[in-house]
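Residues in the sequence shown are numbered consecutively from 1429, following our numbering. Glycine is no exception: its CB is placed at the ideal position from the N, C-alpha and C atoms. All of these numbers come straight from a predicted model, not from anything done at the bench. First the structure, in the form of structure tokens, and then the observations on it.
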Amino acid sequence: MTANLFDRSELRAARSLLAEGDASDAADVLARAAWSGLTEPGDAVAATLIDAVGATTALGHVVSSATASDVLADSDCTPAELSTLAAGLERWRPRLDRALVLRRIDIAQKLKAHLLLPGSPGWPEALDDLGPHAPLVLWSRGDLSAFAPTHRLALVGARAATGYGEHVTAELAAGVADRGVLVVSGGAFGIDAVGHRAVLGSGGRTVAFLAGGPDRLYPTAHSELLHRIIATPGCAVVTEVPPGTTPTRWRFLQRNRLIAASAGATVIVEAGARSGSLNTAGHAAALGRPLGAVPGPVTSASSAGCHRLLREFAATCVTSAPEVLELLGVGESVPTDLVPGPASRLVTALRERGQQDTDALAQHLGLRVSDTLAILGALLAEAHVQRTDDGRWSSAGP
């Protein structure tokens, strides 16, 4: 039914937003792009209709003057289901704007953004666990393989983070990133931003989920950080709402479900009694995903939410990167040649250059000597490197 809405050039434009090798139908791509603007995130009524008849046919019902009874004429539905769909049609139709959909496609092209559809290459299948509340499509800027790592951690916390919270976040984020774990967060002030920066600094992978459109990098003070994520291999900025969409409070809360669902476990570093990160924790718990919380000083209001998670909601107490890896189910002996970041680069340097002293390795990696020694110590404990009698380092493998 979208044949009367979109011509061939518009279908080609939609197809250009797909990843290379993605054979998704262009009409379905355009229909889902349209649906992402017709609905608010997590609209189960729209998802159920699309699941039943497909995005293209479902959009046709909205464009036409069909009633809920017309749409469900061939199904054995209840009066309540008819009423629910009728309310949905009433919500969606005022938002229908063909020209706006095409402008959004054009903006996405200029941003070099891509559309990810359920089942397409790059789609994070873990989001499917949200059922009818799963996103209809994702607008992504950055590396289309960002969700490829098997192990993913949602790392979130307070916007008004303390120095303690920032320190712990940086340690956890860099520690798990060095073991090949994708760190997912929301790009917000405080804990989110510290986590993203720590991962980038360690050469790992991170994804930031936005509450607004892919052109609305928010908060604006983090525009440089978010652009850095977009430009870094293995990283991406992702949203379920189309270009031009303004971030709002309810969209932030809905965004949190994507952070929790995309990850194998969620860790809250700092959270006050009313912190939005507790909403993310709730989504993780509802999905049955492992939930961890970092304890703080008992006198700190910034950790009151974490302490409540530990006391009342059986969250796992985590205080170090190894404990987070345990929560994720990551083994202790992940091969370093599979790990992006300084550990992998250090081992590669030793294999290619032969024996090196600590200062030379630090200079080669662009790290402080103290950080290089910490990495070497971890690799030595796992027998990936060895130390010579004169204090130099060499690879323990072939």
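- Here residue 1775 really is in contact with residue 1812; their C-beta atoms are around 6 Å apart, less than 8 Å.
- The residue from 1574, 1730, 1684 with its alpha-carbon nearest to that of residue 1657 is 1574.
- Excluding the 5 residues flanking it on each side, residue 1600 has same chain C-beta neighbours closer than 6 Å at 1749, 1752, in chain order.
- 1631 is the residue among 1474, 1505, 1631 whose C-alpha sits nearest the C-alpha of residue 1607.
- Proximity of the stretch 1673-1690 to the stretch 1639-1647 meets the contact definition, three or more beta-carbon pairs being nearer than 8 Å.
- Here residue 1744 is near residue 1755, since their CB atoms are less than 8 Å apart.
- When DSSP states are grouped into helix, strand and coil, residue 1464 belongs to the helix group.
- Inter-segment contact for the stretch 1562-1573 and the stretch 1650-1668 is present: three or more beta-carbon pairs are separated by less than 8 Å.
- The criterion of a C-beta distance shorter than 8 Å is satisfied by residue 1439 and residue 1455.
- The C-beta separation of residue 1590 from residue 1730 comes to about 5 Å, placing the pair in contact by the 8 Å criterion.
- At a cut-off of 4 residues, the continuous stretches assigned as alpha helix (DSSP H) that sit fully inside the stretch 1659-1734 are 1677-1690, 1705-1714.
- Judged by their CB atoms, residue 1446 and residue 1528 are not nearer to each other than the 8 Å cut-off.
- DSSP lists 1568 as the bridge partner or partners of residue 1542.
- DSSP places residue 1791 in the helix class (H, G or I) of the three-state scheme.
- Residue burial annotation: residue 1659 is exposed, with fewer than 16 other C-beta atoms found within 10 angstroms of its C-beta.
- Between residue 1466 and residue 1523, the C-beta gap is smaller than 8 Å, which places the two residues in contact.
- In the structure shown, the three-state DSSP call for residue 1814 is strand.
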